[in-house]
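Chemist: Taken in sequence, the protein lines are chains X and Z. First residue of the first sequence? That's 1 in the UniProt record's numbering, and the numbers climb one at a time after it. First residue of the second sequence? That's 1 in the UniProt record's numbering, and the numbers climb one at a time after it.
Number of protein chains: 2
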Amino acid sequence: MIRLDTSEDGFEAGFASLLDMARDTTARVDGAVAEIIAQVRRSGDSALLELTARFDRWQPASAEALRVTPAEIDAALAECDPALIAALDHAATRIERFHRAQMPADVLLDDPAGLSLGMRWGAIDAVGIYVPGGKAAYPSSVLMNAIPARVAGVSRVAMCVPTPGGVLNPLVLAAARRAGVSEVWRIGGAQAIAALAWGTASIPPVDRVAGPGNAYVAEAKRQVFGRVGIDSIAGPSEVVVIADRWQDPARVAMDLLAQAEHDESAQSILITDSATLAGAVERAVQDALQTLPRAAIAGESWARNGAVIVARSLEEAAALSDRLAPEHLELLVEEPRALFARIRHAGAAFLGGFCPEALGDYIAGPNHVLPTGRTARFASGLSVFDFLKRTTWVDATQEGLAAIGPDAVLLAEAEGLGAHAQSIAMRLGR
Amino acid sequence: MIRLDTSEDGFEAGFASLLDMARDTTARVDGAVAEIIAQVRRSGDSALLELTARFDRWQPASAEALRVTPAEIDAALAECDPALIAALDHAATRIERFHRAQMPADVLLDDPAGLSLGMRWGAIDAVGIYVPGGKAAYPSSVLMNAIPARVAGVSRVAMCVPTPGGVLNPLVLAAARRAGVSEVWRIGGAQAIAALAWGTASIPPVDRVAGPGNAYVAEAKRQVFGRVGIDSIAGPSEVVVIADRWQDPARVAMDLLAQAEHDESAQSILITDSATLAGAVERAVQDALQTLPRAAIAGESWARNGAVIVARSLEEAAALSDRLAPEHLELLVEEPRALFARIRHAGAAFLGGFCPEALGDYIAGPNHVLPTGRTARFASGLSVFDFLKRTTWVDATQEGLAAIGPDAVLLAEAEGLGAHAQSIAMRLGR
């Protein structure tokens, strides 16, 4: 754990090393992934059967056995605690409402020269959602990835989830049903991404792939990029908590640990204008680690990547946070809206003492798939925009062409593109 | 040149081979590019001096000599034909107006449970624009890349342009001035992308890099992706022209050749419901190739990648176009708006007989940087959205937390994330 104080010498050097801290220890698997993709392109379904047996340790009888049937989803739903199903539905309803509010409007511009110009939004036809299996099989991720696609108007949402040993998480299937997923496939790893991007006899190809995954999945997304669209490749998760002297140290500590419990490479940073609070939070973290179920992971993350920064003021704290451009930002301060107005770079912000970040992971409404590793400087969370694309259009009358065509001809000639110039000039009657 | 007719046997096979045609013959340069990026990261400015001498064949005296001074831009402007400067200004004004109309609104949602949710748009701080030098130094590309950034509110736009032999295109500098570029650097290739992404002593790093380039530039963008954002990596350009029997074959032919003259790997496809027009356009292409200044390139592109498809109806033509998902789509038909309503996938559309695609390359207003190679299925043209990012936010009162917190606790517990659950539960007073 790193302690820094902006009023001490050496702060800049310490903060710079925090900014440069490489937490992503992903192994290079590009060769192995290229082979898997080539095998799926070459052998299609039979490659999927073989790779599933090898990596997920169960042997599907046929390609049809890779598909999770509606009856299996019904059975899974019947297995789930009704209170959990209700909670999932509550979350889904709120996530849908927020993402509907994101839907953009078309642009139409009738301009003085007599042309009509526009920009039309449309949904992608088919999307693949990857859902990690095993320990990280999170129903909340199914909602967060599939709902924006459905709200955007995507008609086909194909989901792939590995089932190590053949075992499926019933709540993941319940989430898929609730989110409007069209097809569920028991396929994991790079072979799932390859099947979604290139298609097989059983699985028609999609146009875009989204969702988190391990190093193989991330590398496979990199390699199919261009053939299909991909979402961003997520690194380890992180939170910055800006807290003032009025906060309860135990709550601040638990918010830091909620981030830290994701995995050992997660990062939790407290920035406060109160040295007293800083010390109290450090002690509260150690107290909480005595009882937390995932204390081993959270403690390791906190020890390795955690930081406590004492700043001269909340304004200075906000400026430091912008340099970190965190995935998640909590503003545990008396006037969170005023402080939020100073923030330029963050994936998602949580304002005030009754808004722990975990609320946003599950139920608040905004997406929990967010830019990590300082990429909030230029990137954004998953949204309906990831599942929409734009077509711009121009409609020119003869008068409109006469008004703007001659200058286009000049520019085309200056660039040495004669056919460009002539295609306009011959319609000007010259 | 490929001829197809949807009513003939073998059409599907022929069309499938058109869809799979690999026009991108880019050489693999990943090793060389990785070395260049490593050198720039290691040696900064001095690497730029050495690489510029090696690749651009001129020796900058110092890092300061890499910067194009305002006085040099003034001198370049004085050199340009005033009519061209006026045309550039006309184009810039129209491009600005269209991109301003794209600017999205923030989202604010006060929800029934008593929470406030929102999504706030903000500009990226600093952006790098790459402009190819040599034969492809296009002032129009400067406008199309820099104006959306400035309209989005990006405060620093750094432009890199190679100057082979030390030579600069004055009109490119005039376009940079008009578009509001903040800095111009005489640096090209992978070293320019590396300098923009990682920074040197002279060039502060940017957050996002945009703009076209050769194989080295494209590969460098791939390699710095993650460190900074990048725009899409453009492949060879293409147009689909849907024309009905009422069109002038000479105009249709010139529109096809305007695309073909870009380079040998460009592709022009005519789809028509009239076999008579198809034949007449083929002859008109050959006629025009007798006199076009870039006939060698356009003729090679047409011979290698061109296609003429006769369809049974315009509706069938639209469906075929959607399978091609072209970068540019011209609708040279009597009722272009009705046909456009049937189109789902295209980067940009040009409606009616007085709207040749070249108008959009220069002056119409929408961007000319568009998704190529069937990626319009999921990707969009350059726009203000490429230079904006979103921060979502949640503001919960104690009552709001009480309304939605308990279900979030259930879901967190189901996912085995105890600190997530406790961070909410301890605020519920449980």
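Backbone N, C-alpha and C define an ideal beta-carbon position, used for all residues, glycine too.
In its own chain, which residues sit with a C-beta less than 8 Å from the C-beta of Ile275(Z), not counting the 5 before and 5 after it?
Modeler: The sequence given here has Ala at residue 275(Z), not Ile. The residues are Asp5, Val310.
Chemist: Using the C-alpha atoms, what's the distance from His90(Z) back to Val172(Z)?
Modeler: 15 Å
Chemist: Which residues does DSSP pair with Glu330(X) in a beta bridge?
Modeler: Val241(X), Phe350(X)
Chemist: Quick one: is Ala338(Z) buried, meaning 16 or more other Cβ sit within 10 Å of its Cβ, or exposed?
Modeler: exposed
Chemist: So, helix, strand or coil for Leu292(X), using DSSP?
Modeler: coil
Chemist: Which residue comes first and which comes last in the beta strand (DSSP E) that contains Gln267(X)?
Modeler: 267-272
Chemist: Are three or more beta carbon pairs between the region 398-412 of chain X and the region 138-150 of chain X nearer than 8 Å?
Modeler: no
Chemist: With a threshold of 6 Å on Cβ separation, who are the neighbours of Arg57(Z) within its own chain once the five nearest residues in sequence on each side are excluded?
Modeler: Excluding its 5 nearest sequence neighbours in each direction, Arg57(Z) has C-beta neighbours in its own chain below 6 Å: Gly165, listed in chain order.
Chemist: Interface residues of chain X around Trp393(Z) at Cβ under 8 Å?
Modeler: Phe340, Ala348, Ala349, Phe350, Leu351, Pro366
Chemist: Measuring alpha carbon to alpha carbon, tell me which residue in Asp386(Z), Ala403(Z), Gln422(Z), Thr397(Z) is nearest Gln102(Z).
Modeler: Taking only the C-alpha atoms, the option nearest Gln102(Z) is Asp386(Z).
Chemist: Compare the C-alpha of Ser268(Z) against each of Glu316(Z), Pro356(Z), Ser237(Z) and name the closest.
Modeler: Ser237(Z)
Chemist: What first and last residue would you give for the alpha helix (DSSP H) that runs through Met254(Z)?
Modeler: Counting along the chain, the alpha helix (DSSP H) containing Met254(Z) begins and ends at 249-260.
Chemist: My output table needs one value for Val167(Z): the three-state DSSP class, helix, strand or coil.
Modeler: Look at Val167(Z) here: in three-state DSSP terms it is coil, with no helix or strand label.
Chemist: Starting from Ile343(Z) and walking both ways along the alpha helix (DSSP H), at which residues does that stretch end?
Modeler: Where Ile343(Z) is concerned, there is no enclosing alpha helix (DSSP H), given that its DSSP letter is neither H nor E.
Chemist: For a quick check, are the C-beta atoms of Asp24(Z) and Arg94(X) less than 9 Å apart?
Modeler: no
Chemist: Taking Cβ-Cβ distances shorter than 7 Å, what residues in chain X pair up with Thr397(Z)?
Modeler: Near Thr397(Z) (Cβ distances below 7 Å), the residues of chain X are Phe354.
Chemist: In chain order, which alpha helix (DSSP H) runs of at least 4 residues are fully inside the region 389-420 of chain Z?
Modeler: 398-414
Chemist: How about Val228(Z): is its C-beta nearer than 9 Å to some C-beta of chain X?
Modeler: yes
Chemist: Counting only Cβ pairs nearer than 9 Å, list the residues of chain X close to Val107(Z).
Modeler: Counting only Cβ-Cβ distances below 9 Å, Val107(Z) has contacts in chain X at Phe98, Ala101, Gln102, in chain order.
Chemist: Throw me the rounded Cβ distance for the Ala260(Z) and Trp302(Z) pair, which I believe falls under 8 Å.
Modeler: That belief holds up - the Cβ atoms of Ala260(Z) and Trp302(Z) are roughly 5 Å apart, short of 8 Å.
Chemist: Can a CB atom of chain Z be found closer than 9 Å to the CB of Glu261(X)?
Modeler: yes
Chemist: Closer than 9 Å, CB to CB, is Glu282(X) near chain Z or not?
Modeler: no
Chemist: How many angstroms separate the CA atom of Pro205(X) from the CA atom of Ala195(X)?
Modeler: 7 Å
Chemist: Which one of Ala284(Z), Val217(Z), Leu329(Z) has the shortest CA to CA distance from Pro249(Z)?
Modeler: Ala284(Z)
Chemist: Measuring CB to CB, does Ala298(X) end up less than 9 Å from Glu327(X)?
Modeler: Ala298(X) places its beta carbon 9 Å or farther from that of Glu327(X).
Chemist: For a contact meaning CB atoms closer than 7 Å, what does Ser380(X) contact in chain Z?
Modeler: Lys389, Arg390
Chemist: Return the chain-ordered list of same chain residues with a C-beta closer than 7 Å to the C-beta of Gly226(Z), the five sequence neighbours on each side being excluded.
Modeler: none
Chemist: Using a Cβ-Cβ distance cut-off of 9 Å, determine whether Ala243(X) contacts chain Z.
Modeler: no
Chemist: Could you work out which residues of chain X lie near Leu277(Z), taking near to mean beta carbons separated by less than 8 Å?
Modeler: Ordered by position in chain X, no residue passes the 8 Å Cβ test against Leu277(Z), which lies about 17 Å from the chain.
Chemist: Spatial neighbours of Ala425(Z) within its chain, please: CB distance less than 7 Å, with the 5 preceding and 5 following residues excluded, ordered by chain position.
Modeler: Val409
Chemist: Tell me, to the nearest whole angstrom, how far the beta carbon of Asp263(Z) is from that of Glu357(Z); I am working on the premise that it is less than 8 Å.
Modeler: Contact between Asp263(Z) and Glu357(Z) is ruled out by a C-beta separation of about 16 Å, above the 8 Å threshold.
Chemist: Helix or strand or just coil, what does DSSP make of Gly429(X)?
Modeler: coil
Chemist: Distance check for Val167(Z) and Glu35(Z), CA to CA, integer angstroms please.
Modeler: 26 Å
Chemist: Please return the same chain residues whose Cβ sits closer than 6 Å to the Cβ of His420(Z), not counting the five positions on each side in sequence.
Modeler: Ala412
Chemist: Could you tell me which residues DSSP pairs with Trp185(Z) in its beta bridges?
Modeler: Residue pairing of Trp185(Z) in beta bridges, as defined by DSSP: Arg67(Z), Cys160(Z).
Chemist: Do you know how far the Cα of Asp407(Z) is from the Cα of Cys80(X)?
Modeler: Computed Cα separation, rounded: 15 Å.
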